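Residue numbers (my numbering): 271 to 1071. Each remark here refers to the structure printed beneath this line.
Right, dumping it as structure tokens:
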């Protein structure tokens, strides 16, 4: 290469220096901009303008994605906004970028303590505790973690290293908590009193001290603490009502009522006291008295939504729906604000939905959405209405908006998942449930819905992971602990299931739930004697005794020792001879031995003792069916039904008997009567849909059958028989492809059902899939299809040949 001339080399050097200079200026400018965003954000954070502060911190992060301080301050902003999940994520990111950011580590530990995840909090604190002189904040957080973990001695060891002046009220409260856990009432009071001296206007020590006195049975002193707090808060209504709460919590309803009345007389201008008193009356089911209080209050405050809502609740509780609507209509005339009118319309729509007046409910939702297209409750109501009438795609549109607008409403996620599932998008349904659980990790019904999904798929690993994460959020939750054991049992892991149920017993030794579940497991695994011991013990513990009694009697019957089952119930009847549940149980034991006369006598005795309870009527009908007395059963139930018209259990049982007798018109008549009174009951919708499609030649009723089938399917999308009904109705309506979708789903859940196999064969004939049709028809016959249905299957097979 030829050497550069001197002049050229000089030019290159100059250009290089210029480029480096530009780069240096650029870097400096970038850092200055980033730091400027942080400075502005911190100033806004101190002013309480959190949205604007967050925007500045996000600008800094966008400029420098690896800037730990940007994430740190963003996390602090999210803490102020009470977005704990967001704060945790941002603090974690800051720590990931800068492992030496001790303040972020401490904040993460504090969040974990508040989430009651003690072990994770202590693990997070470990690097800070390893330093030569951990700060008071670090030690206090460690002590708080020990208290969450119910280790008060360890907490005290740590607290004793902290100067209480440095720790302030939080350290004093931790001391009080530690001594409370140790049962040292004197020390607990001492530290709470010191807390009061540090912050005399803070309500926390007064409330906790009052509770401590209640525990010690010193109710007068508890009352003094609350009276002093009320004085310090100048009788502010939320504090003034604390005494009524104390009286109610300690079983002194008369004192509570006296206090409510005193407050209303002394402050007739304060609506909160009228609302508090009416709420007490409502809970006591003194609806007429509550109505009087609220009606007087409504005269003073006609524009108060809370009072009108209370009057509506009272009317609904009394099933006086016209009055409920009248209250809401009156409020709509008086309400000055559109926001309050919207609340009243939504309440009205939800009551209409409760009454199964879905067309009117939907119109109410439309009325709200016309004025406010961003109303989450209106989209939720509209989505429910679309779901009920089977318009699943339209339901998805509205429920999606409801979830976006109301991200903390668990019902929205559940309904949206259902809408996706019904419209054939199972993957989207799953994603919605996952999203809901991530957003609302402490919502048990939402989590259980996702657990059930994985259980149906036999995806035990995901089901158990969900349960375990739920127990991290809600340690000791009975439902989740029991579900863990059940899931392990379903996964054929009896040893692990046993351990889970033993943990439930250890956590709740005075409640029968753990013993019942462990007993079920032992019975299922052939350990009947141990199951009997557990059911016997469960009978004497807290919780509904009916479940262990039923299980105990049934277990004895299963192992062919009905005389012992009989003796258990007879012993209980000696103490309570007129108990309808025990009489019905005894009748069931006799029926299992085909002692029909003795069984009949007990069922009739149960009916005499509890004429409103429908189970013994149902059992009596079953007895007649088992003993070949269907005609007598129908006559007997006709007489009872005439005395109790509209009784669901009796009417439904009678419809089944008529169906078995081939008297389909009578079965349909009763179901039509019942569905007017119980329009949302799934089994009524399902059975009436099937009878209409199978035994009535009327296009209008076939259209009605589709409506009923869709309602049943919306309520129980995984029920094989309901899926079969939906398929059959679509088949009869000429919608073969929809029928294929439903019957395929039904077969996934009940491939051994001969009737479902028959229907699958007939539907496949309709779609021209003859090979598949043959397969289903043969399977139906192999499974033992009977009577005219078997003849039909054979005839169809011959025609296909």
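Even for Gly, the Cβ is constructed at its ideal location relative to N, Cα and C. Quantities reported herein were computed from a predicted structural model and do not represent experimental measurements.
Per-residue DSSP class, three states only, for residue i
i            : result
residue 420  : coil
residue 540  : coil
residue 812  : strand
residue 554  : coil
residue 781  : strand
residue 763  : coil
residue 793  : helix
residue 949  : coil
residue 1018 : helix
residue 881  : coil
residue 658  : helix
residue 966  : coil
residue 1037 : coil
residue 504  : coil
With 16 other Cβ atoms within 10 Å as the buried cut-off, status of residue i
i            : result
residue 733  : buried
residue 300  : exposed
residue 412  : buried
residue 939  : exposed
residue 995  : buried
residue 354  : exposed
residue 516  : buried
residue 915  : exposed
residue 1023 : buried
residue 423  : exposed
residue 400  : exposed
residue 645  : buried
residue 480  : buried
residue 321  : exposed
residue 519  : exposed
residue 913  : exposed
residue 981  : buried
residue 458  : buried
residue 954  : buried
residue 836  : buried
residue 256  : Within the shown structure, residues of the chain are numbered from 271 to 1071, placing residue 256 beyond reach of any answer.
Nearest-angstrom Cα separation, counted from residue j out to residue i
i            : j            : result
residue 959  : residue 661  : 18 Å
residue 369  : residue 686  : 41 Å
residue 1002 : residue 688  : 25 Å
residue 309  : residue 577  : 48 Å
residue 647  : residue 573  : 21 Å
residue 792  : residue 738  : 23 Å
residue 377  : residue 345  : 9 Å
residue 541  : residue 485  : 32 Å
residue 975  : residue 942  : 12 Å
residue 902  : residue 658  : 39 Å
residue 579  : residue 603  : 15 Å
residue 296  : residue 302  : Since pLDDT at residue 296 reaches only 46, below the 50 mark, its modelled position is unreliable, and the value read off the structure follows with that caveat. Rounded to whole angstroms, residue 296 to residue 302 spans 10 Å at the Cα level.
residue 821  : residue 705  : 38 Å
residue 742  : residue 851  : 39 Å
residue 537  : residue 565  : 17 Å
residue 655  : residue 643  : 17 Å
residue 431  : residue 770  : 39 Å
residue 1067 : residue 1053 : 15 Å
residue 833  : residue 876  : 20 Å
residue 729  : residue 987  : 19 Å
residue 347  : residue 339  : 12 Å
residue 332  : residue 365  : 18 Å
residue 294  : residue 394  : Reliability fails at residue 294, whose pLDDT of 45 lies under 50, so the model's placement of it is uncertain and the value that follows must be treated cautiously. Between residue 294 and residue 394, the C-alpha separation is close to 39 Å.
residue 892  : residue 1004 : 37 Å
residue 521  : residue 452  : 27 Å
residue 374  : residue 361  : 5 Å
Supposed close pair residue i, residue j - CB separation, criterion 8 Å
i            : j            : result
residue 798  : residue 825  : 6 Å
residue 811  : residue 788  : Not a contact, Cβ separation roughly 13 Å.
residue 665  : residue 651  : Actually they are not in contact, since the Cβ atoms of residue 665 and residue 651 sit about 11 Å apart, beyond 8 Å.
residue 756  : residue 778  : Not quite, the Cβ-Cβ distance comes to about 16 Å (not below 8 Å), so this is no contact.
residue 476  : residue 467  : No, residue 476 and residue 467 are not in contact; Cβ-Cβ is about 12 Å, not under 8 Å.
residue 444  : residue 425  : 7 Å
residue 1047 : residue 1028 : 7 Å
Check your understanding: Any chance the region 591-602 sits against the region 626-646, with 3 or more Cβ pairs inside 8 Å?
Key -> no
Review point. Do the region 942-949 and the region 962-970 meet, that is, are 3 or more Cβ pairs less than 8 Å apart?
Key: no
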